[in-house]
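Chemist: Going by numbering that gives the first Met the number 0, the first residue of the sequence shown is number 0, and it counts up by one from there.
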Amino acid sequence: MVRGLSDGFDDEAWVTQIARPYIYDLCNEFVWPIAVATLSGTSMLMRQTTDHRSPLAIEKRGPGFRVPILASASGMAYLAFCPEEQRNAILDILAKSRHEEDKPARNRKKVHEALAEVRRRGFATNRRARRVSDEISLSVPVMAGDRLLAALTVRFACTAVAEAEGIQRFVPRLRSTALKIGAEFMLQAEQDARAAAGQPPIVATQ
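1) Out of 123, 110, 89, 73, state which residue places its alpha-carbon closest to the alpha-carbon of residue 166.
2) Distance check for residue 200 and residue 182, CA to CA, integer angstroms please.
3) Since I believe residue 43 is in contact with residue 68 (beta carbons under 8 Å), could you give me their beta-carbon distance rounded to a whole number of angstroms?
4) Pick out the complete beta strand (DSSP E) segments inside the region 86-127, 3 residues or longer, and give them in chain order.
5) Drop a sphere of 10 angstroms on the beta-carbon of residue 47, count the other beta-carbons inside from all chains shown, and report buried for 16 or more, exposed for fewer.
6) Among all the DSSP beta bridges, which residues are the ones paired with residue 134?
7) Would you kindly work out how many angstroms separate the C-alpha atoms of residue 205 and residue 186, rounded to a whole number?
8) Considering residue 25, what are the terminal residues of the alpha helix (DSSP H) in which it resides?
9) Shortest alpha-carbon distance to residue 15 belongs to which of 41, 31, 32, 49?
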């Protein structure tokens, strides 16, 4: 079975409650648009974006925008770090798809090599041709312990920021932000479990 994030925790709820403040802060820092996407069927679904807050977002993408797994940085980041059983199930489905963007799944060896490179580097990249300037996306996984939650992505124009410069500038902050989101998710999950068991909440210490 192809599963997304949800195991009793609504995708929209956790993105709104936990991730949104972090990606707003990141957008203020980068200016370039930030997005959080989760797996939805056989594509990546943007749950929250900062496009409406970024003057550099030429093509405005809002919540609900979908991108193909194998032709997006968020999809490759998710696929690289999801459990092997889930990865194989997704690739099996994509290999049978008639959509052009899913055809690379038919060359399983090449896909696995690309995913291994994503895992080695810790982030995924994607370059999309546009009329004025190619758009580059960089994406990192959002983990809660060993559980994959989502992909955190920044998009920028390569005429303004070279890919190598973007990796150096943006990836460390994407990673640190993903760690904060994952840590807060785990804390919230523990608080919810304690509340369900009738136990007092965890009080943060200074």
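All C-beta atoms, glycine included, are put in the ideal place defined by N, C-alpha and C.
Modeler: Inspection of the coordinates gives the following:
1) For the residues 123, 110, 89, 73, the minimum Cα distance to residue 166 belongs to 123.
2) Going by the C-alpha atoms only, they are around 16 Å apart.
3) Separation of the CB atoms of residue 68 and residue 43 is rounded to 6 Å, and the pair is thereby assigned contact status at 8 Å.
4) Whole beta strand (DSSP E) segments, 3+ residues: 123-127.
5) Here residue 47 is buried: its Cβ has 16 or more other Cβ atoms, across all protein chains shown, within 10 Å.
6) According to DSSP, which records beta bridges pairwise, residue 134 is partnered with 127, 156.
7) Low confidence applies here, because residue 205 scores a pLDDT of 48, under 50, leaving its location unreliable; read the following figure in that light. Near 16 Å, if we compare the C-alpha coordinates of residue 186 and residue 205.
8) That run of the alpha helix (DSSP H) goes 19-29.
9) Nearest option by C-alpha distance: 49.
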